[in-house]
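Residue numbers (our numbering): 33 to 255.
All remarks here apply to the structure that follows.
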Ligand code: HEM
């Protein structure tokens, strides 16, 4: 059973704050986000200017790429384990539109994005039903990227193998992850503008805000 802790707000609107993302979820989110962005930064330098770098510069960049890769992999392992053994909000079931309510939310969100925000944006108690499967795909592609990166680092010549097939795969996976991040941020910003909701700040303080009526409807749909 999900633990929601509705709290009356002090605002004049008839609103409730519902604890949705616990501290571990938020820490893992920002840990993954920051370490991945750092990997993107060092990876882009390798990719674009790798041939022009001296061995010393290559080594100086390789070090943060290596350690940050392991920091990303650690958060990813914890998050993936929690898909199977964590509280309900972490479980893979929260990320796949299985229930009727999740499927309805999924369809409405597709209409919302397809109409570029002209259709109403549905709210959800936990993960957005439409985004959920993309998060699972992200975990999968990120795990593949970590595995390829580790394999490359153990190859003779290591990451100096700039033209090997594995490096090409590492680059394609980098592009897939970068596309996810761009689409994810665009989707969050779009929902923030049209949905008039606080989903982005909820990833910082943990609380989503609903009107009392909206919250009652969402809870009754879940039951
Ligand atoms: C490299 C950058 C980022 C990555 C890799 C990333 C990744 C993810 C992942 C994997 C989830 C699913 C959460 C989980 O179940 O663990 C998620 C959810 C979320 N992220 Fe990000 N994120 C990034 C940047 C951002 C930024 C800049 C924001 C904006 C403030 C943001 C806001 C959110 C929100 C609001 C959710 C929950 C959305 C929902 O399902 O309703 N993310 N993110």
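Think of the CB as a built atom: it goes at the ideal place given N, C-alpha and C, for glycine as much as any other residue.
Closest residue to residue i among the options (Cα-Cα distance)
i: residue 51; options: 125, 156, 167 and 67; result: 156
i: residue 208; options: 224, 230 and 172; result: 172
i: residue 100; options: 63, 222 and 114; result: 63
i: residue 203; options: 70, 76 and 187; result: 76
i: residue 68; options: 126, 221 and 214; result: 214
i: residue 166; options: 71, 127, 83 and 221; result: 127
i: residue 302; options: 48, 78 and 135; result: The requested residue 302 does not occur in the structure, where the chain is confined to residues 33 to 255.
i: residue 147; options: 223, 61, 229 and 232; result: 223
Status (buried if at least 16 other CB within 10 Å, exposed otherwise) for residue i
i: residue 241; result: buried
i: residue 87; result: exposed
i: residue 159; result: buried
i: residue 153; result: buried
i: residue 206; result: buried
i: residue 178; result: buried
i: residue 48; result: buried
i: residue 39; result: Bear in mind that a pLDDT of 49 at residue 39, under 50, signals an unreliable position, so the number given afterwards is only what the model happens to contain. Label assigned to residue 39: exposed.
i: residue 113; result: exposed
i: residue 138; result: buried
i: residue 134; result: buried
Through-space distance from residue j to residue i, alpha-carbon basis
i: residue 53; j: residue 90; result: 39 Å
i: residue 57; j: residue 105; result: 16 Å
i: residue 243; j: residue 46; result: 6 Å
i: residue 180; j: residue 120; result: 31 Å
i: residue 141; j: residue 85; result: 46 Å
i: residue 201; j: residue 217; result: 24 Å
i: residue 252; j: residue 246; result: 10 Å
i: residue 145; j: residue 116; result: 30 Å
i: residue 236; j: residue 151; result: 27 Å
i: residue 98; j: residue 163; result: 30 Å
i: residue 176; j: residue 234; result: 29 Å
i: residue 22; j: residue 225; result: Only positions 33 to 255 of the chain appear in this structure, which leaves residue 22 out of reach.
i: residue 124; j: residue 70; result: 27 Å
Residue i: CB within 8 Å of a non-hydrogen atom of the ligand HEM
i: residue 172; result: no
i: residue 160; result: yes
i: residue 213; result: yes
i: residue 220; result: yes
i: residue 111; result: yes
i: residue 164; result: yes
i: residue 57; result: yes
i: residue 225; result: no
i: residue 122; result: yes
i: residue 167; result: yes
For this session: Could you pull out every unbroken beta strand (DSSP E) segment of at least 3 residues lying fully inside the segment 135-174, listed in chain order?
Result: Counting whole runs of 3 or more residues, the segment 135-174 contains no beta strand (DSSP E) stretch at all.
Problem set entry | Completely contained alpha helix (DSSP H) runs for the segment 81-140, where each covers 4 or more residues | Along the length of the segment 81-140, whole alpha helix (DSSP H) runs at least 4 residues long occupy 87-117, reported in chain order.
Exercise. Quick one: complete alpha helix (DSSP H) runs, 4+ long, within the segment 201-247?
Worked result: Entirely contained in the segment 201-247, the alpha helix (DSSP H) runs reaching 4 residues are, in chain order, 231-237.
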